[in-house]
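Worksheet: the structure to be examined is printed underneath.
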Amino acid sequence: MRNFELYVPTKMIFGEGEIKKLATEAPKDKKILLLYGGGSIKKNGIYDQVIKALKDHTFIEFSGIEANPEYKTLLKALEIIKREDIGYMLAVGGGSVIDGTKFLASAALYNGDNPWDILSKKIRTFKGLPFGAVLTLPATGSEMNSGAVVSRSETNEKLVMGGPGLFAEFSICDPTVVRSIPKRQLANGLADAYTHVLEQYMTYPADGPLQDRFSEGILQTLLEIAPEVIEDPTNYRAASNFMWCCTMALNGYIQKGVPTDWSVHVIAHELTAIYGIDHARTLAVILPKAYEKKFEQKKEKLAQYAERVLNIQEGSLEEKARAAIEGIEKFYKSLGIDTRLRDYTDSYEGFAQHVEKSLLEHGLTALGEHQDITPKVAAEIVEMSY
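All residue numbers for the sequence shown refer to the numbering used here, where the first residue is 704 and numbers rise by one.
Right, dumping it as C-alpha cells:
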C-alpha cells in the first residue's frame, strides 16, 4: 500500500429533518450569502426549511447557478461577496451549486487579478471563505470533498480545482429530498457515483484489499438500490443508501493508498464543454471504450469486479474482464443512459481531434493510473465512442 494523508474535516449531518440544525451550525456573527440554483428548492419545500432555520441570521440570496456552474455567473456572486462584506456562504443544492460555492470560497480570498487563473493555472486553495452546505441532489460527493469543476462557455472550457481550503465546514444530507428529484437526475446521480468509484478502483492490484472491498461494497449497493430509487424515490431506505453511497464514492476514503485513474473524467469534461451533455452521461459514453482501449492494463481488476460484484465465476481472466465491461455498460443502459456519442449529437466528426488539441493546450498530456494516456490516445478513445 502507498503512503497517504487523509484530511476530511467536514461535519456530516445525515437524516430526515436535519435541515433545522442550520440554526446552530451556521454562524450568527457573519453575514451569509445563500446560494442556490434554478429555484427547485422553492417547489420542494427545502427553501422554506432553510429560511426558517436562518430566521435569526443575517443573509442575502444569490440564485441561478447552473447545472454546470458558469464562470460568468459566479463572477456576479463574487461581486456581491466583496460589496456586501460576506463572511460566510451556504450552498443549498447539488454538486454544481456546491462546486460554484467552492470557486467563490477560493476567489473571495484570491490576491490575483484574474480569478480564472485558479482553474487555468491549477492553483490549489489552502484557505477559502468558509461555507456550509445543504445537499439536495446526491451525485458528486462535493458535500464532503475539496474538489470542484467550473465551466466557461465562451471558451468551451470545463476545468477542475481543489485544495484543503475548500471543504465545507458542515453538510446537511436529508434523504427525503430524493423524493422530489426527476428520474433523469436520479439516473445521473447513480451513474455519477458508480463511475466515481470505478475511477478509483479499476486500475491494477495494489495491495489495498480494504480499499477494494470498500469500493466493491459501494458498487454492489448502487447496483442493488438503483432500480428501487428510480421506481420509488419516496422509499427512504433506498434514498438514504443512495445518498450515502454518493458521498462515500468521492470523499477521499477509497482512493487513499492505491492508484487512481480519472482519465475518463478529464476526457468526458470535453463533451459537456462542447455539447452540453449531462456530466454523468458523458462518463457513460467514454468509460466503456476507455476500458476497452486499456484492456491489458486493467484486465486483472476488471476480472475481480466481475467475480466480486457481478458474481461471475466461470471463464478465463480475459473472459471475466470482458464480461465486466459488458456489465458496466448494461448498468448505464438500465438507467436509461445511452453510451455512444452519436446518441447525443450528429455533429461528432472531428471531435476527437478537438479533444486532443484541448488536452495539449491545458497541459493534460499524461492521464490514467500509468500516465500513459496521451492526448493522441484520448482522441482514439473518443473515436471509439462515436
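Virtual Cβ for every residue (Gly too), placed ideally from N, Cα, C.
Here's the rule: buried if 16 or more other CB atoms are within 10 angstroms of the residue's CB, otherwise exposed. What is residue i?
i       : result
Met847  : buried
Asp802  : buried
Leu1097 : Outside the modelled stretch of the chain, which goes from 704 to 1089, sits residue 1097, for which no answer is possible.
Asn814  : exposed
Thr761  : exposed
Tyr1089 : exposed
If you run the structure through DSSP and keep just helix, strand and coil, what is residue i?
i       : result
Tyr939  : helix
Val932  : helix
Ala851  : strand
Ala842  : coil
Met1087 : helix
Gly796  : strand
Ile957  : coil
Ser874  : strand
Val711  : coil
Phe647  : Nothing can be reported for residue 647, as the shown portion of the chain is limited to 704 through 1089.
Ala890  : helix
Val837  : strand
Leu1013 : coil
Glu999  : helix
Considering only the beta carbon of each residue, do residue i and residue j sit closer than 7 Å?
i       : j       : result
Pro867  : Ser849  : yes
Val853  : Leu922  : no
Gly835  : Phe873  : yes
Met864  : Ile821  : yes
Glu1072 : Pro962  : yes
Leu990  : Val967  : yes
Thr776  : Met792  : no
Glu927  : Asn938  : no
Gly844  : Leu869  : no
Ala842  : Gly796  : no
Lys734  : Ile789  : yes
Ala1027 : Val1058 : no
Thr727  : Ala871  : no
Ile716  : Ile875  : yes
Pull up the DSSP beta-bridge partners for residue i, would you.
i       : result
Phe1034 : According to DSSP, Phe1034 bridges with nothing at all.
Glu860  : Arg855
Glu764  : Leu737
* Asked: Does the count of Cβ pairs from the region 901-915 and the region 955-974 closer than 8 Å reach three?
  -> yes
* Given 8 Å, three or more beta-carbon pairs between the region 849-862 and the region 714-730 -> no
* Is it a yes or a no for the region 894-913 touching the region 750-757, going by three-plus beta-carbon pairs under 8 Å? -> no
* To do: State whether the region 1040-1051 contacts the region 977-989, with contact taken as three or more CB pairs (one from each stretch) at a distance under 8 Å.
  => yes
* Just checking, does the region 1013-1022 make contact with the region 1062-1080 on the three C-beta pairs under 8 Å criterion? -> no
* Contact between the region 1057-1067 and the region 1035-1042: three or more CB pairs below 8 Å? -> no
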